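Under our numbering, residue 118 is the last one in the sequence shown; the count climbs by one each step, no gaps. Where is the CB? At the ideal position from N, CA and C, for every residue including glycine. Bear in mind that the values here come from a model prediction, so they are computed numbers and not experimental data. For reference, the structure discussed in these notes is given below.
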Amino acid sequence: MDAELQSPDPAPPLYYLARHDRFWPRIELSSLRQRLAIPAYISDTHLQLAGQQALAIAAGEFASWRRRLRALGYTQLTDLCRHVHGRRLCSCYQRLVEHCTLRALGGRSALQGAAHE
């Protein structure tokens with residue numbers, strides 16, 4: 002009976018890549034790991050550093066979009082997700098962050114090769 006009264010194990014805390022500008026969407030570290038199929042031997046710290054580097058690159062690449070959107074009154078990129086074109090831009094931003102994260106980790110072939118060593 003005591004086992005029935007005990008609450009289940011709490012969910013692990015969510016860790017997000019730090020962003021310097023609230024305009025850009027938050028990216029959760031474990032989701033990034035899962036989406037890119039990053040192997041377990043890559044530490045969270047290593048993934049986080051690669052992700053931070055990717056965020057900086059993406060922010061630079063999307064800087065002119067950010068300026069235009071802010072001038073139009075948008076405060077966050079996710080505000081655009083209600084519109085078809087906005088969803089495309091949000092998706093492009095996410096894919097660029099993922100691509101740059103993977104590249105910072107040495108690319109897909111480097112990750113697969115290290116797993117077989």
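Inter-residue spacing [alpha-carbon to alpha-carbon] between residue i and residue j
i    : j    : result
A105 : A51  : 5 Å
V98  : A60  : 9 Å
T46  : L30  : 10 Å
L33  : C101 : 12 Å
E62  : S92  : 14 Å
R88  : A57  : 21 Å
D80  : Q54  : 24 Å
R109 : Q49  : 17 Å
Rounded distance between the beta-carbons of residue j and residue i, thought under 8 Å
i   : j    : result
P40 : L103 : Between L103 and P40 the Cβ distance is about 12 Å, and since that is not below 8 Å, they are no contact.
R20 : Q77  : Going by Cβ atoms, the distance from R20 to Q77 rounds to 11 Å, so no, they are not a contact pair.
I28 : Y16  : With a Cβ gap of about 10 Å, I28 and Y16 do not count as contacting.
Minimum C-alpha distance to residue i - residue among the options
i   : options             : result
P26 : L73, S110, H86, L90 : L90
For a minimum of 4 consecutive residues, which ranges assigned as the alpha helix (DSSP H) are wholly contained in the region 17 to 103? 30 to 37, 45 to 62, 64 to 72
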